[in-house]
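**Q** Counting along the sequence shown from 1, when you hit position 134 you're at 140 in this note's numbering, and nothing is skipped either side. Heads up, the beta-carbon is just placed ideally off N, CA and C, and yes, glycines get one too.
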Amino acid sequence: MSRPQVELLHYGSDSVRHAHGDHQQWVIGLEGALELEMDGVLYRNAAGEAVCIPAGVAHCYAGAAGNRQLVLNLPACGGATRQLTLPPAARELAAWAARHPLPEASQPALAGLLLDWLAPSAFLLAPRLDRFLASRLARPLTVADMAAACHLSASQLHARLKTETGLTPMAYLCRLRMERARSLLRTRSGSVLDVALQVGYQSASAFGAAYRLHFGEPPSAGRGRVRRV
C-alpha cells in the first residue's frame, strides 16, 4: 500500500490467523479488548492501549464482545512488535478520529498525528523526501506537496524536518536544487539557463542569485574550475 489508511473496526470472537505482506498496522483500543498472539507472545489490547503489528508477521486475533479498535494501516517501514499505553491526549485524538470518519484524502494527515504519539521516530524524513524530490526538482513545489508525500501535515513536516536536518522544508528543497545544479554544471555543456530550468528556476538571473547565495560564487565559477581540470 502507498498511503496510510485509518479505519474503525469491530473484531469478531472467532480466532483468525493471517499476515500483512505489504503493510504494517497499529491497532488502538477504544472499547472492550482484542486478544492477539504474535511469535508466541500474547497481547491483550484494551481501551487506551496500542499494539504494533509489523509487515509480514503472522498473528492470531479474536475480539471480546463490544470491542472497538482504531486501526492504522501503514506502508511497511520496518520496526518490531510492541505494545504501549497511550497518554490521555493520544486517547482523546483516537476517540475523536473514531467519531469523525475522514475522507481518504485526509487520512494520511490523521495517521501522521497519531504516529506522533505511537512512533515519533518511525521513519526518517530526509530519505523519503529525497526519493520524492529526485525526479521533481524542475517542477514548482510547495510545502504542502512535500508534506503530502510524507503523509504529514505541513506543520508536522516543518517540525520534524527542522529537528532532523536543521532546515525548513523550503530550505531543504533549495539545498537539493543547488546540489543538483552544481552537478549539472560540472558534467553538462548546456547553458546556465538550461541548468536553471532543470532545477526549478524560470530565469538565469533568479537561479544565479540563489546559487551565489548558497555557494558564495556564481554558477560560472564552478563550471570554469571543471574545464581547467
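Do you know offhand how far Ser141's Cα is from Ala210's?
**A** Against the sequence shown, residue 141 aligns to sequence position 135. Against the sequence shown, residue 210 aligns to sequence position 204. So the alpha carbons of these two residues sit roughly 21 Å apart.
**Q** So, for Arg233: in the same chain, excluding its five sequence neighbours on each side, which residues have a beta-carbon less than 8 Å away from its beta-carbon?
**A** Looking up residue 233 in the sequence shown gives position 227. Confidence in Arg233 is poor, its pLDDT being 40 and thus under 50, which makes the residue's placement unreliable; the coordinate value appears in the next sentence. Correct list: empty, nothing qualifies.
**Q** Just the C-alpha distance for Arg186 and Leu167, rounded to the nearest angstrom, thanks.
**A** The residue given as residue 186 occupies position 180 in the sequence shown. The residue given as residue 167 occupies position 161 in the sequence shown. Approximately 20 Å, taken between the alpha carbons.
**Q** For a quick check, are the C-beta atoms of Met184 and Val205 less than 9 Å apart?
**A** Walking along the sequence shown from the start, residue 184 turns up at place 178. Walking along the sequence shown from the start, residue 205 turns up at place 199. Contact flag set, yes.
**Q** Give me, in chain order, the residues of the same chain whose beta-carbon lies closer than 7 Å to that of Ala53; leave out the 5 immediate sequence neighbours on both sides.
**A** Along the sequence shown, one-based indexing puts residue 53 at 47. Answer for Ala53: Gly35, Leu36 and Glu37, listed in chain order.
**Q** Exposed or buried, what is Trp102 when buried is set at 16 or more other beta-carbons lying within 10 Å of its beta-carbon?
**A** Numbered from 1 along the sequence shown, position 96 holds the residue referred to as residue 102. Answer is exposed; the Cβ neighbour count stays below 16.
**Q** Alpha carbon to alpha carbon, how far is Ser197 from Met44? Give it in angstroms, no decimals.
**A** Translated into the one-based positions of the sequence shown, residue 44 becomes position 38. Translated into the one-based positions of the sequence shown, residue 197 becomes position 191. Distance between the alpha carbons of Met44 and Ser197: 59 Å.
**Q** Per DSSP, what kind of secondary structure is Gly214 in: helix, strand or coil?
**A** In the sequence shown, counting from the first residue as 1, residue 214 sits at position 208. It is helical.
**Q** Would you check if the distance between the CB atom of Arg134 and the CB atom of Ala155 is smaller than 9 Å?
**A** Residue 134 sits at position 128 when you count from the first residue of the sequence shown. Residue 155 sits at position 149 when you count from the first residue of the sequence shown. Yes; because the gap between Cβ atoms is below 9 Å, this pair is in contact.
**Q** Tell me, please, which residues DSSP counts as bridged to Arg74.
**A** Counting from 1 along the sequence shown, the entry for residue 74 is found at position 68. BP columns for Arg74 point to Glu37.
**Q** For Ala86, tell me which candidate among Gly72, Ala71, Val57 and Thr148 has the shortest Cα-Cα distance.
**A** Looking up residue 86 in the sequence shown gives position 80. Nearest C-alpha to Ala86: Val57.
**Q** Can you tell me where the beta strand (DSSP E) holding Cys58 begins and where it ends?
**A** Here residue 58 is taken as the residue at index 52 of the sequence shown, counted from 1. From DSSP, the beta strand (DSSP E) with Cys58 extends over Glu55 to Ile59.
**Q** Classify Leu219 as buried or exposed, calling it buried when 16 or more other Cβ atoms lie within 10 Å of its own Cβ.
**A** By one-based count along the sequence shown, residue 219 stands at place 213. It is exposed - the Cβ of Leu219 has fewer than 16 other Cβ atoms within 10 Å.
**Q** At which residues does the beta strand (DSSP E) containing Gln208 begin and terminate?
**A** Sequence index remark: in the sequence shown, residue 208 carries index 202 (1-based). Taken as a continuous stretch (DSSP letters only), Gln208 belongs to no beta strand (DSSP E), as it is neither H nor E.
**Q** May I ask you to verify whether the stretch 93-108 touches the stretch 57-69, counting CB pairs closer than 8 Å and requiring at least 3?
**A** Flag = no, the stretch 93-108 and the stretch 57-69 do not touch.
**Q** Cα separation between Leu173 and Leu163?
**A** As a first step, residue 173 must be located in the sequence shown, where it is residue number 167. As a first step, residue 163 must be located in the sequence shown, where it is residue number 157. Spanning the two alpha carbons is a distance of roughly 11 Å.
**Q** Rounding to the nearest angstrom, what Cα-Cα distance links Leu182 and Leu143 in this structure?
**A** Against the sequence shown, residue 182 aligns to sequence position 176. Against the sequence shown, residue 143 aligns to sequence position 137. Whole-angstrom Cα-Cα distance: 8 Å.
**Q** Take the Cβ of Ser226 as the centre, count every other Cβ of all protein chains shown within 10 Å, and call the residue buried at 16 or more, exposed below.
**A** On the sequence shown, residue 226 is found 220 positions in, with the first residue counted as 1. Looking at its Cβ environment, which holds fewer than 16 other Cβ atoms inside 10 Å, Ser226 is exposed.
**Q** Would you kindly report the start and end of the unbroken alpha helix (DSSP H) that includes Thr91?
**A** Start at 1 with the first residue of the sequence shown, and residue 91 comes out as number 85. First-last for Thr91: Arg88 to Thr91, but that is the beta strand (DSSP E), not the alpha helix (DSSP H).
**Q** List the whole-angstrom C-beta distance separating Val77 from Val22, where the pair is believed to meet the contact cut-off of C-beta under 8 Å.
**A** Here residue 77 refers to the residue found at position 71 of the sequence shown. Here residue 22 refers to the residue found at position 16 of the sequence shown. Not confirmed; about 14 Å, so no contact.
**Q** With a threshold of 16 other CB atoms inside 10 Å of the CB of His65, please say whether the residue is buried or exposed.
**A** For the purposes of this step, residue 65 is taken as residue 59 along the sequence shown, with counting starting at 1. The residue in question, His65, is buried, as its Cβ has 16 or more Cβ neighbours within 10 Å.
**Q** Less than 9 Å between the beta carbons of Arg105 and His16, yes or no?
**A** Sequence index remark: in the sequence shown, residue 105 carries index 99 (1-based). Sequence index remark: in the sequence shown, residue 16 carries index 10 (1-based). Their beta carbons are not under 9 Å apart, which means Arg105 does not touch His16 by this criterion.
**Q** So what does DSSP say about Glu223, is it helix, strand or coil?
**A** Along the sequence shown, one-based indexing puts residue 223 at 217. Here Glu223 sits in coil by DSSP.
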